[in-house]
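Scroll down for the structure; my scribbles are underneath it.
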Amino acid sequence: MDCDLRSPLFLIHLFMSTFLPALCVIYPLNEVNLLDSKASQGELGWISYPSHGWEEISGVDEHYTPIRTFQVCNVMEYSQNNWLRTNWIPRQSAQKIYVELKFTLRDCNSIPLVLGTCKETFNLLYLETDDDQGSHFREHQYLKIDTIAADESFTQTDLGDRILKLNIEVREVGPLTKKGFYLAFQDVGACVALVSVRVYFKKCPYTVRNLASFPDTVPMDSQSLVEVKGSCVNHSKEEEPPRMYCSTEGEWLVPIGKCLCNQGYEERSSTCQTCRAGFYKSGFGNTECSKCPPHSFSHHEGSLHCVCEKNYFRAEGDPASMSCTRPPSAPRNVISSINETSVILEWSWPDNTGGRRDITFAVLCKRCRSVPADGSQRCEPCRSNVRFVPRATGLYNTTVTVTDLLAHTNYTFEIEAQNGVSSLAPQMRQYAAVTITTNQAAPSAVSGIRKEKTTRNSVSLAWQEPERPNGIILDYEIKYYEKEEQETSYTILRARGCNVTLGGLKPNTAYLLQIRARTAAGYGASSTTFQFETSPDSAFSISSESSQVVLIAISSAVAIILLTVLLYVLIGRVCCRSKSKHPDEKRLHFGNGHLRLPGIRTYIDPHTYEDPSQAVHEFAKELDASCIAIDKVVGAGEFGEVCSGRLRLPSKKEICVAIKTLKGGYTDKQRRDFLAEASIMGQFDHPNIIRLEGVVTRSKPVMIVTEYMENGSLDSFLRKHDAQFTGIQLVGMLRGIASGMKYLSDMGYVHRDLAARNILVNSNLVCKVSDFGLSRVLEDDPEGAYTTRGGKIPIRWTAPEAIAYRKFTSASDAWSYGIVLWEVMSYGERPYWEMSNQDVIKAVDEGYRLPPPMDCPATLYQLMLDCWQKERNNRPKFEQIVSILDKLIRNPGSLKITANTTSRPANLLLDRSSLEVPSMGTMGDWMDPMRTLPCKEAFSGVSYSSCDTIAKTSTEDLKKVGVTIVGPQKKIVSSLKALDSNTKNGPVPV
56 MDCDLRSPLF
66 LIHLFMSTFL
76 PALCVIYPLN
86 EVNLLDSKAS
96 QGELGWISYP
106 SHGWEEISGV
116 DEHYTPIRTF
126 QVCNVMEYSQ
136 NNWLRTNWIP
146 RQSAQKIYVE
156 LKFTLRDCNS
166 IPLVLGTCKE
176 TFNLLYLETD
186 DDQGSHFREH
196 QYLKIDTIAA
206 DESFTQTDLG
216 DRILKLNIEV
226 REVGPLTKKG
236 FYLAFQDVGA
246 CVALVSVRVY
256 FKKCPYTVRN
266 LASFPDTVPM
276 DSQSLVEVKG
286 SCVNHSKEEE
296 PPRMYCSTEG
306 EWLVPIGKCL
316 CNQGYEERSS
326 TCQTCRAGFY
336 KSGFGNTECS
346 KCPPHSFSHH
356 EGSLHCVCEK
366 NYFRAEGDPA
376 SMSCTRPPSA
386 PRNVISSINE
396 TSVILEWSWP
406 DNTGGRRDIT
416 FAVLCKRCRS
426 VPADGSQRCE
436 PCRSNVRFVP
446 RATGLYNTTV
456 TVTDLLAHTN
466 YTFEIEAQNG
476 VSSLAPQMRQ
486 YAAVTITTNQ
496 AAPSAVSGIR
506 KEKTTRNSVS
516 LAWQEPERPN
526 GIILDYEIKY
536 YEKEEQETSY
546 TILRARGCNV
556 TLGGLKPNTA
566 YLLQIRARTA
576 AGYGASSTTF
586 QFETSPDSAF
596 SISSESSQVV
606 LIAISSAVAI
616 ILLTVLLYVL
626 IGRVCCRSKS
636 KHPDEKRLHF
646 GNGHLRLPGI
656 RTYIDPHTYE
666 DPSQAVHEFA
676 KELDASCIAI
686 DKVVGAGEFG
696 EVCSGRLRLP
706 SKKEICVAIK
716 TLKGGYTDKQ
726 RRDFLAEASI
736 MGQFDHPNII
746 RLEGVVTRSK
756 PVMIVTEYME
766 NGSLDSFLRK
776 HDAQFTGIQL
786 VGMLRGIASG
796 MKYLSDMGYV
806 HRDLAARNIL
816 VNSNLVCKVS
826 DFGLSRVLED
836 DPEGAYTTRG
846 GKIPIRWTAP
856 EAIAYRKFTS
866 ASDAWSYGIV
876 LWEVMSYGER
886 PYWEMSNQDV
896 IKAVDEGYRL
906 PPPMDCPATL
916 YQLMLDCWQK
926 ERNNRPKFEQ
936 IVSILDKLIR
946 NPGSLKITAN
956 TTSRPANLLL
966 DRSSLEVPSM
976 GTMGDWMDPM
986 RTLPCKEAFS
996 GVSYSSCDTI
1006 AKTSTEDLKK
1016 VGVTIVGPQK
1026 KIVSSLKALD
1036 SNTKNGPVPV
C-alpha cells in the first residue's frame, strides 16, 4: 500500500489521542519560552522553500484545540532539498537557547516502491540577525546546529494499528550575540511530520531565601555559576551578606548568608511581619515573637518589650523575657534576744517575695528618747561604732547580731526585705520593727595606763576611765606581779579613783600589771598588760676612797666577764658555721600557727585555716581582672567554665593562660572549695607541677588563672597520637611526671588521684601534674564508682590499702604512678578494660596485675610491677623512680628488650643497672604462671599435650573453660601467640 503522508488518513492518525496527551506538559518555572508552535492557533506563517516541500497542516489536540504542524514526504522524487524557516525570534536576555522538537518519522523500509533516495533524518539550522529580514531567504547564510534523527519510527502497520511513535529532541544553541535569530529545518528526502517546535532559554526565577530576595537571573554562557547578591526583605537587616549562585540549568545553588528580622518583627511566610498585640520581640533574629511575660502587656503591634502593670517593675539587669515583679512584703516573726549591750535579731522570710529570688535583708538601728514636753519619742540613727555581725545590709540569712550598744537604752530596729526592684518603688517599702531596751552591762576595758613616778620600792600609776562605763564606776581592781613569776604569785589592790601608788616593790625589778573597772553589773574586761620597772638599789656611795676602790674593782671584774662571754660567743658562732646546720635548730612561725623550717618547703592544708580566704591570699597572688582577656570557652567544670585567654601584667610580656571561673549564685562553701585548689597550687613551684599565675577574688567572676597547656590532658593526647612517639620520648614524659610527684612527696603532699587524665601536656611535650581539688575528685569523679565512708574513689588507679582503709600516702601515689605508666605505654588505653570496679578490686586482691602493653620495654613493665607491690613499704619511692628512668634515658638500648604477656614475679627494680630476662622452656613452665591468674580455677585440671595444641586456643575456648574476664583473655591469647612463634626457635621469654 502506498504511503501518502499528506492524505487525511495520516493526519487523523497523527493527532489521535494515542500520542497527543504527551504534548500536554507543564513547563518548568525556570524556562522562558521564546517560541511555542502549539500556542498559535492560527497560521504560523513560516516560509516553505520550495512551495511544494514542507506543508502546514491544521489539526486539533485532545481538547479539540486547533494546532499547526508541518509535514514533508517527497520520497518518490530524487534530490530533495526542502527548507522550512520560522519567523524572526527576538532573543530577549538569553545568551544560550534550547530548541525542543516533537516529530514523527516513517521507516524507509516500510515504504514500498520508493523511487528516490529515502532518508530518516533532517537538519536543524539557525541564522542570527539584528532585525527581521521578512521573506528574504538565503540557504548559505544558515549555520547547521545538528542532524536530527528519530529514536522511534513508525511503519505502515503502525498506521493501521493507530500506533504512532513521537520523538522529542532538544538541542542547545549559543552563545547568541545579536538581537534575534531564525530557525530552519532542511529535509533531504525524509517522511517526517513536525508536530511542535518550542524555543526557550533558562533562568533562575525570582525567589526568597533566608529572608533575602533574589531577582530573575539568566545564567551566563561563559561561566558555570553566576553569583547573585540578595536583598533583605522589608524590616530585616543583614547578618551576613546574602548570596546565591545561578547555574546554567537555571537552578539556585549554595545559599550563603542570611538576613534577620528587626526588633518587633518575626519571620512569617518568608517575610518579616510585626509582632501582634500582646507579644514582643526585643532582639534581632528569626525567632518568633514571645508572649508578654506575667504582669506585663503590649497594646500595639511591633512591640520591642512589654510594659509592666501598675506597681510591678523590671530591674535594669532583668531580661525582657522575665516577668515584672514587685518589692517583697515585710519579714515576719521578729524575735530579739538581749544580752547586756548586745542583741540577736531573728526573723522569718516574708510571705510574698515579689516574684523574685534575689532577696536580701537590711537592718536599720535607731536610738529613741522620750521628749518630756509632749511625751513623744525622738529617734535618731545609732552611733557609727555600733557593730552588726555579719553586716547591716545585704544579709542572706535571717539573723544578725548587734553589739556595742549603750546600757539601759531604748533602741528600735527596722528589718526590711529587699529585692532587685525595691529601689524602684520606695513608696512600697515595708519593714518589721522591734523595740528593745538594753540591760545593765559591765564597763569596757580600761585604757591609757601611764607611769607618773618611780622609786626603788614604789611606782605611781594613772589611767583613763573606760570609754563605756555602762553605769557608775564603784572601784578599780589593780592586779600586778613580777614578770619572772609569770602570774604564779600576784597582788591585788583596789582604788576608787583613776590613780594608785604601789608600794613594797623590789628594786630594779620588772612588773606586769592589769586594771579593770567594777560597776553594779560586775567587773569589766581587763586592760592590756602594762609593764613597768622600779629604780635600781643605790647601795654604794662614791664619797669615800674605799668605796671608789671597791667600785673600780667591781667594774673591772664585770668588764673581764663581759669580754670573756663575748669571746665565747664569737668562737661558738665560728665553730657553728663550719658544721652542717640541722634544719630543726631554728623554726619560723607561719600565719596560722604552722611551723616551717628555713630552707625546706612544707605543704600546709588550707582547710586548717579558720578563714580560708586567708590561705588564698597567703599562697596566691591577687590579679587585677582588667589584666585578663578571655578568648574562648574550652570546657566546663563543676564550679563553672574553663576558658583560654591571655594575661598581661604591667611591664611583663603577655602570656597565654587557662582560666577557671566560678559561676554566679555560688554559696560560701562552693567559693571556699573552688579557691582551695588555688591555695594548694600556690604552694608549689616546680617545672612539672602546673603553675598558678594568680586568682581574682575581689571582683566577679571569681577566677583561678594557671599556665596554659596546649596539648590538654595526657590520656586524650596519647589516644590522638597513637604509636607516634619513640620509647625515649615516652620515658621522658614519665620522668617529668615522676619528678613532679617527687617534689610533692618531699613537701608532704599526697595527690590521691594521680591518673593520665590529671596530667597536662604543653607544646614541648612537658608533662605537669594538675588537679589538686581532692574533695571534688573523691566525690564527683566518674571513675570513682566504689563508695566508702569517705566518699568515692577512682578504683582503677588506687592502691588496695587506700580502697580498703583509706590509707592515702606517697606509697599509694606510687601505685597510681604504676597505672599512669601503663596508660602511657598503652597510649591511653583504659586500665582493666571493661572489667567492673568490683571485678578489679577482687582481681587485684587475688594477685592479678595488668599485663604489659604491646611493645612495652621489659624494664618499664618491671617498674610497673614494683609499683604494684601489695606491701606498700616495698614500693619504690619517687626519688628511686626518677633515678631508674634517668638510667634508662642514659642507656636507651635497655628499652629494646620488650616484655611479653606472661606473668612474672614482682621484684623491686631499684638499684639495678640492667635487667636479665628469664626464660621458660617447657609446657609446665608456661602453665604454672597461667594458673596464678584470677582465672586459675579455670586451668585446674586442664592439660595440653604440646605447644601446637595450646597455641590454637581462642577466646571462645577460654570462655568455655570459665575465663570470662576480658583482661585475662587478652593476656592469655597474646601469650599463646608468643609461645607459638618462639617455641620453634627456643625457650619462650617471660
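Sequential numbering of the sequence shown, starting at 56, is according to this note's numbering. From the three backbone atoms N, C-alpha and C, an ideal C-beta is built for every residue, glycine too.
Environment of Cys-822 [buried if 16+ CB atoms lie within 10 Å]
For the purposes of this step, residue 822 is taken as the residue at position 767 of the sequence shown. With 16 or more other Cβ atoms within 10 Å, it is buried.
Which value, in whole angstroms, describes the spacing of the CA atoms of Gly-846 and Ala-857?
Working through the sequence shown from its first residue, we reach residue 846 at position 791. Working through the sequence shown from its first residue, we reach residue 857 at position 802. For Gly-846, the predicted structure reports a pLDDT of 48, less than 50, and the residue's modelled location is therefore unreliable. A value from the coordinates is still provided. Their backbone Cα atoms lie some 12 Å apart in a straight line.
For Gly-577, which beta-bridge partners are listed by DSSP?
The residue you call residue 577 lines up with position 522 of the sequence shown. Bridge partners of Gly-577: Thr-574.
I'd like to confirm the pairing. Which residues does DSSP put opposite Asn-137 in its beta bridges?
Within the sequence shown, the letter at position 82 stands for residue 137. Answer is Asp-242, bridged to Asn-137.
In the DSSP assignment, what are the bridge partners of Asp-201?
Here residue 201 refers to the residue found at position 146 of the sequence shown. The partner list for Asp-201 (beta bridge, DSSP) reads Leu-179.
By DSSP, does Ser-502 sit in helix, in strand, or in coil?
Locating residue 502 in the sequence shown gives position 447, where the first residue counts as 1. It is a strand residue.
Please go through the region 884 to 934 and give each complete alpha helix (DSSP H) segment of 4 or more residues, from N-terminal end onward.
Counting whole runs of 4 or more residues, the region 884 to 934 contains the alpha helix (DSSP H) stretches 892 to 900, 913 to 922.
Would you say Ile-759 and Glu-732 are within 8 Å of each other, going by their C-beta atoms?
Looking up residue 759 in the sequence shown gives position 704. Looking up residue 732 in the sequence shown gives position 677. Going by C-beta atoms, Ile-759 is nearer than 8 Å to Glu-732.
Note down, in chain order, each residue of its chain lying with its Cβ closer than 7 Å to the Cβ of Met-275, except the 5 sequence neighbours on either side.
If you number the sequence shown from 1, residue 275 lands on position 220. Result list for Met-275: Gln-150, Val-281, in chain order.
I'd like to know whether the C-beta atoms of Thr-914 and Met-802 end up nearer to each other than 8 Å.
Numbered from its first residue, the sequence shown carries residue 914 at position 859. Numbered from its first residue, the sequence shown carries residue 802 at position 747. Contact: no.
Got a sec, what are the start and stop residues for the alpha helix (DSSP H) Asp-91 sits in?
For this step, residue 91 is matched to residue 36 along the sequence shown. Taken as a continuous stretch (DSSP letters only), Asp-91 belongs to no alpha helix (DSSP H), being part of the beta strand (DSSP E) at 86 to 91.
Beta-carbon separation (whole angstroms), Val-462 vs Ala-496, contact threshold 8 Å
The sequence position of residue 462 within the sequence shown is 407, counting from 1. The sequence position of residue 496 within the sequence shown is 441, counting from 1. The sequence shown places Ala at residue 462, not Val. With 8 Å as the limit, Ala-462 and Ala-496 qualify as a contact, their Cβ atoms being about 4 Å apart.
Going along the chain, which unbroken runs of the beta strand (DSSP E) with 3 or more residues stay wholly within the region 416 to 476?
432 to 436, 442 to 444, 454 to 458, 465 to 473
Does the beta-carbon of Asn-819 have 16 or more other beta-carbons within 10 angstroms, so that it is buried, or is it exposed?
In the sequence shown, residue 819 corresponds to position 764, counting from 1. Within a 10 Å sphere around the beta-carbon of Asn-819 sit fewer than 16 other beta-carbons, which makes this residue exposed.
The alpha helix (DSSP H) spanning Asp-686 covers which residue range?
In the sequence shown, counting from the first residue as 1, residue 686 sits at position 631. Careful: Asp-686 lies outside any alpha helix (DSSP H), inside the beta strand (DSSP E) at 683 to 691.
With H, G and I counted as helix, E and B as strand and the rest as coil, what does DSSP make of Lys-157?
In the sequence shown, the residue the question calls residue 157 occupies position 102. Of the three classes helix, strand and coil, the one that applies to Lys-157 here is strand, per DSSP.
Cβ contact check for the region 610 to 619 and the region 556 to 572: 3 or more pairs under 8 Å:
no
Are the Cβ atoms of Val-824 and Gly-787 separated by less than 8 Å?
Within the sequence shown, residue 824 is the residue found at index 769, counting from 1. Within the sequence shown, residue 787 is the residue found at index 732, counting from 1. Not in contact: Val-824 and Gly-787 (Cβ atoms no closer than 8 Å).
Need the endpoints of the beta strand (DSSP E) that Pro-121 sits in, please.
Residue mapping note: residue 121 aligns to position 66 of the sequence shown, counting from 1. First-last of the beta strand (DSSP E) with Pro-121: 121 to 127.
Own chain partners of Tyr-197 with C-beta closer than 6 Å, once the 5 adjacent residues on each side are dropped:
Position 142 of the sequence shown, counting from 1, holds the residue named residue 197. For Tyr-197, where only same-chain residues beyond five positions count, the Cβ hits under 6 Å are Leu-180, Leu-182, Ala-239.
In the DSSP assignment, what residue or residues form a beta bridge with Val-115?
Reading the sequence shown from its first residue, position 60 is the one you call residue 115. Val-115 pairs with Pro-121.
Which whole runs of the beta strand (DSSP E) in the region 328 to 396 are 3 residues long or more, in chain order?
387 to 394
Quick check on the burial criterion: 16 or more other C-beta atoms within 10 angstroms. Buried or exposed for Cys-379?
Here residue 379 corresponds to residue number 324 of the sequence shown, with the count starting at 1. It counts as buried.
Reduced DSSP category for Lys-775 - H, G, I as helix; E, B as strand; rest coil:
Counting from 1 along the sequence shown, the entry for residue 775 is found at position 720. Here Lys-775 sits in helix by DSSP.
Give the range of the alpha helix (DSSP H) segment to which Trp-877 is assigned.
By one-based count along the sequence shown, residue 877 stands at place 822. Run containing Trp-877: 865 to 880, per the alpha helix (DSSP H) assignment.
If I measure Cβ to Cβ from Arg-812 and keep anything under 7 Å in the same chain, skipping five residues before and after, which residues do I get?
Start at 1 with the first residue of the sequence shown, and residue 812 comes out as number 757. Excluding sequence neighbours, Arg-812 sits near Ser-768, Asp-770.
Distance, Cα to Cα, Leu-90 vs Met-299?
Indexing the sequence shown from 1 puts residue 90 at position 35. Indexing the sequence shown from 1 puts residue 299 at position 244. Taking the straight line from one Cα to the other gives about 29 Å.
Quick check on Arg-727: buried or exposed, where buried means 16 or more other Cβ atoms within 10 Å of its Cβ?
For the purposes of this step, residue 727 is taken as the residue at position 672 of the sequence shown. Arg-727 should be labelled buried.
Below 8 Å on the Cβ atoms is my contact criterion, and I expect Glu-98 with Glu-111 to pass it. Report the Cβ-Cβ distance as a whole number of Å.
Translated into the one-based positions of the sequence shown, residue 98 becomes position 43. Translated into the one-based positions of the sequence shown, residue 111 becomes position 56. The pair is a contact, with the Cβ atoms about 7 Å apart (cut-off 8 Å).
Helix, strand or coil for Gly-1057 per DSSP?
Because residue 1057 is not part of the residues shown, which for the chain are 56 to 1045, the question remains open.
Distance between beta carbons of Ser-353 and Tyr-335, contact taken as under 8 Å:
Counting from 1 along the sequence shown, the entry for residue 335 is found at position 280. Counting from 1 along the sequence shown, the entry for residue 353 is found at position 298. Right, the Cβ-Cβ distance comes to about 5 Å (below 8 Å), so this counts as a contact.
Skipping 5 residues on each side, what residues in its chain have a beta carbon closer than 6 Å to that of Pro-145?
What you label residue 145 is simply residue 90 of the sequence shown in a count that begins at 1. Within the same chain, Pro-145 has close Cβ partners Gly-235.
Tell me whether Trp-981 is buried or exposed, calling it buried when 16 or more other Cβ atoms sit within 10 Å of its Cβ.
Residue mapping note: residue 981 aligns to position 926 of the sequence shown, counting from 1. Below a pLDDT of 50, predicted positions are generally treated as unreliable, and Trp-981, at 44, falls in that range; the measurement from the model is reported next regardless. The residue in question, Trp-981, is buried, as its Cβ has 16 or more Cβ neighbours within 10 Å.
Could you pull out every residue in the same chain whose Cβ sits closer than 8 Å to the Cβ of Ile-528, ignoring the five residues on either side in sequence?
Sequence index remark: in the sequence shown, residue 528 carries index 473 (1-based). So the qualifying residues of the chain are Pro-498, Glu-520, Pro-521, Ala-572, Arg-573, Thr-574.
Please report how far the alpha carbon of Pro-912 lies from the alpha carbon of Val-712, in whole angstroms.
In the sequence shown, the residue the question calls residue 912 occupies position 857. In the sequence shown, the residue the question calls residue 712 occupies position 657. Each residue's Cα considered, the two are about 36 Å apart.
Check this for me: beta carbons of Val-671 and Ser-734, under 8 Å apart or not?
Sequence index remark: in the sequence shown, residue 671 carries index 616 (1-based). Sequence index remark: in the sequence shown, residue 734 carries index 679 (1-based). Cβ distance < 8 Å, so Val-671 and Ser-734 count as in contact.
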